[in-house]
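Notes to accompany the following structure.
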Amino acid sequence: MNSLYRTFLIISIAFASCSDDLPIEESVNPEDFNDTWEISSHSNDAEPDYSVVFPQDKVLRFDITISYDYWSSMESDLAENLTTSGPGGGGPGRGAPVDTDSDFKPIWVPCNMQFNNSEWHNVGIRFKGNSSLSSVYNSNIDKFSFKLDFDEFEDDYPEIKNQRFYGFKQLNLNNNFGDYSEMHEKIAPELFREFGLVSSQTAFVALYIDFGNGPQFFGLYTLVEEVDDTVLGSQYSFSSGNLYKPEGTGATFAQGTFNTADMYLKTNEDEADYSDVETLYNVINSDDRLNNPDFWQEELETVLDVSVFLRWLAANTVIQNWDTYGRMNHNYYLYNNPSSNKIEWIPWDNNEAFNVGKQEGAINIDLSDVTSGWPLITNIAKIQEYKEQYDNYLEEFVTEVFYEQKMLDVYNTYYDLIYEYVRAEDSEYSFTTPSNFKSEVESLKQHVAERSEQVEAYLQLLK
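Going by this note's numbering, the first residue of the sequence shown is number 5, and it counts up by one from there.
Next comes the structure, spelled out in structure tokens:
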């Protein structure tokens with residue numbers, strides 16, 4: 005038997021509870037590979053199957069087995085990049101932490117994946133995250149986030165060329181870092197989509213990993229759809245526009261900060277045409293806003309879908325997600341929609357949303373505390389027409405999407421769905437406890453009522 009297959013990662017997914025033991029093969033016979041290849045599940049000719057990969061009423065189960073050597077390589081890569089003292093060094097956690105370099109990308113290793121008695125071979129897997137990855141690593145908790153890429157190693161293994169998982173090329177396994185309820189990343193995108201915004205599909209996953217000592221339950225994860233993989237194709241009429249993932253100083257759009265290196269173009273990289281996003285930067289900072297406001301509005305609306313941005317801003321402010329624009333220079337995408345030739349806002353990474361009791365950093369409902377360093381908010385909100393539109397979106401969001409009766413049902417449904425998985429988490433692979441989980445869910449219920457009251461009080465003051 006090929007020794008490579010004895011060392012590869014096996015991920016099996018089944019709709020099962022954490023207590024169910026799934027058979028995990030210790031090795032895979034390469035001769036059996038073609039027997040498991042199906043067009044609907046493996047081919048890039050298949051359309052993404054959301055009912056299978058993102059069910060809303062089930063917890064998927066992923067079982068991962070990875071060779072000790074590959075796992076050690078992944079951990080050594082973290083130690084070399086996330087600590088000053090290197091592997092095994094002193095200081096807090098696994099080593100003295102350093103400022104995370106946003107350019108650091110953990111290494112990929114190949115793996116195998118099993119689901120519904122089928123196999124996906126040589127799938128790429130790596131750790132993911134920036135500051136959260138560093139925090140998890142140096143806390144001595146092994147519940148890392150992961151990214152999967154199903155044809156990452158197609159050059160090394162031509163038999164998997166254009167391999168897909170039910171139509172998906174990449175998927176994210178987010179570890180729910182900092183979220184005692186383990187619901188934030190699941191619920192926020194649902195609310196955004198219900199409010200008419202583009203946002204990733206999500207599902208719950210119970211993740212098991214075997215890296216040499218048998219399968220270990222790594223805890224409950226949130227499976228998140230990749231924006232530059234299937235979100236564009238499924239939620240836009242055309243997926244050919246420029247997609248950016250801004251990160252760094254340039255992501256603020258503050259005067260004097262524009263830098264294409266901070267824009268991280270995810271599509272059309274060969275053309276590398278940043279003129280659309282640079283135009284947005286120039287317009288938002290133009291003196292015309294004060295000298296010729298009507299012209300400035302016209303120019304702004306030519307390049308930016310202002311309504312989409314204000315809709316996101318209202319929803320994001322209500323749910324108190326501080327780890328994004330307005331406070332942090334990351335965690336959003338910009339897409340130049342070919343249908344309108346306007347840039348649209350796409351939210352991303354929502355584990356810090358609804359973070360009850362930790363929201364000192366969230367911006368105020370009236371936006372009064374947002375500084376000039378975030379001109380996409382401040383310069384737009386200073387236009388009376390836009391401010392009124394924002395206020396209307398606040399009312400619409402708490403009336404039609406984020407209101408108490410509805411959200412109580414959502415929280416209770418997800419509580420019943422995931423409680424046993426949360427309870428089964430080991431402290432080495434968990435950021436919460438059953439007690440913290442229950443308390444946080446109750447806090448979420450109070451949060452939605454409080455936010456509705458606060459929005460209503462704010463709007464009453466305007467009348």
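Every residue, glycine too, gets a C-beta built ideally from N, C-alpha and C.
| query | result |
| --- | --- |
| Residue 154 and residue 113 closer than 7 Å at C-beta | no |
| Identified DSSP bridge partners for residue 153 | 128, 174 |
| Residue 306, enclosing alpha helix (DSSP H) - first and last residue | 297-307 |
| Reduced DSSP category for residue 257 - H, G, I as helix; E, B as strand; rest coil | coil |
| Coarse secondary structure for residue 30, derived from DSSP in three states | Low per-residue confidence applies at residue 30: pLDDT is 37, beneath 50, and the placement is therefore not dependable, though the value from the model is reported in the following sentence. Residue 30: coil per DSSP, three-state reduction. |
| Residues bridged to residue 114 [DSSP beta-bridge criterion] | 128 |
| Cβ neighbour criterion (16 or more within 10 Å) applied to residue 321 | buried |
| Residue 346, DSSP secondary structure in three states | strand |
| Any C-beta of chain C under 7 Å from that of residue 369 | Going by chain labels, chain C is absent from the structure shown, which holds only one protein chain. |
| Neighbour-count burial assignment, residue 212, 16 or more Cβ in a 10 Å radius | buried |
| C-beta contact flag for residue 355 and residue 133 at 7 Å | no |
| Inter-residue Cα distance where the pair is residue 374 and residue 449 | 27 Å |
| Distance between residue 214 and residue 342 (C-alpha atoms, nearest Å) | 44 Å |
| Three-pair Cβ contact test at 8 Å for the stretch 424-442 versus the stretch 401-411 | no |
| Candidates 370, 380, 415, of which the one nearest residue 398 by Cα | 370 |
| Bridge partner(s) assigned by DSSP for residue 63 | 208 |
| Inter-residue Cα distance where the pair is residue 311 and residue 393 | 8 Å |
| Status (buried if at least 16 other CB within 10 Å, exposed otherwise) for residue 348 | buried |
| As assigned by DSSP and simplified to three states, the class of residue 321 | helix |
| Touching by the beta-carbon criterion (3+ pairs, under 8 Å), the stretch 45-55 and the stretch 170-177 | yes |
| Per DSSP, cross-strand counterpart(s) of residue 252 | Answer is none; residue 252 lacks a bridge partner. |
| As assigned by DSSP and simplified to three states, the class of residue 167 | coil |
| Test item: CB-CB of residue 204 and residue 193 under 7 Å | yes |
| Residue from 256, 443, 144 whose Cα sits closest to the Cα of residue 430 | 144 |
| Close-in-space but distant-in-sequence residues of the same chain around residue 188 (CB under 8 Å, 5 per side omitted) | 180, 354, 355, 356, 357, 358, 359 |
| Closest Cα partner of residue 164 within the set 352, 43, 107, 250 | 43 |
| Outcome for residue 296 when other beta-carbon atoms lying within 10 angstroms are tallied against a minimum of 16 | exposed |
| Coarse secondary structure for residue 377, derived from DSSP in three states | coil |
| Contact check, residue 3 vs residue 300, beta carbons under 7 Å | With the chain running from 5 to 467 in the structure shown, residue 3 is simply not present. |
| 7 Å Cβ cutoff met for residue 239 and residue 46 | no |
| Counted within 10 angstroms of its Cβ, other Cβ atoms place residue 457 as buried (16 or more) or exposed | exposed |
| C-alpha gap between residue 351 and residue 439, whole angstroms | 30 Å |
| CB contact flag (residue 270, residue 232, <7 Å) | yes |
| Cβ neighbour criterion (16 or more within 10 Å) applied to residue 110 | buried |
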